[in-house]
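See below for the structure under consideration.
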Amino acid sequence: MAPSFDITSHTVCVMDASGQLGFSLVQRLLQRGYTVHASIQQYGENPFNGISADSDKLKIFRSDPFDYHSIIDALRGCSGLFYSFEPPLDQPNYDEYMG
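Quick note: the sequence shown uses the working numbering, first residue -19, plus one each step.
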């Protein structure tokens, strides 16, 4: 079985790329030549419709921070992760889910 982490890959994942910080980070990484797996939250809109980037360099995934499989799908083939998920709009924080 092949390892899930590839140190030579220039592919990174940004979770949540639909937020202001995540969106800016995706733009910077694309400018520097990285392939980016942009994970956006299930209920959010796609903020990348107007972004100018090589279509092979940007892959968009809809993920839920509480769904293991959606996160694994976005991370597959990546050598780095930038995590910036914010609490869902209807949840003040994650405390009730932790522990």
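The C-beta atom is built at its ideal place from N, Cα and C for all residues, glycine as well. None of these values were measured; they are calculated from a predicted model.
Assign S4 to one of two classes, buried (16 or more other C-beta atoms within 10 Å of its C-beta) or exposed (fewer than that).
Answer is exposed; the Cβ neighbour count stays below 16.
When we look at the beta-carbon of Y14 and count the other beta-carbons within 10 Å, is it buried (16 or more) or exposed?
So Y14 ends up on the buried side.
Using the C-alpha atoms, what's the distance from F65 back to R42?
Approximately 12 Å between the Cα atoms of the pair.
Measuring straight from C-alpha to C-alpha, what distance separates A54 and D36?
Going from the Cα of A54 to the Cα of D36 covers about 15 Å.
Note down the Cα distance separating V(-6) from G2, rounded to an integer number of angstroms.
Computed Cα separation, rounded: 6 Å.
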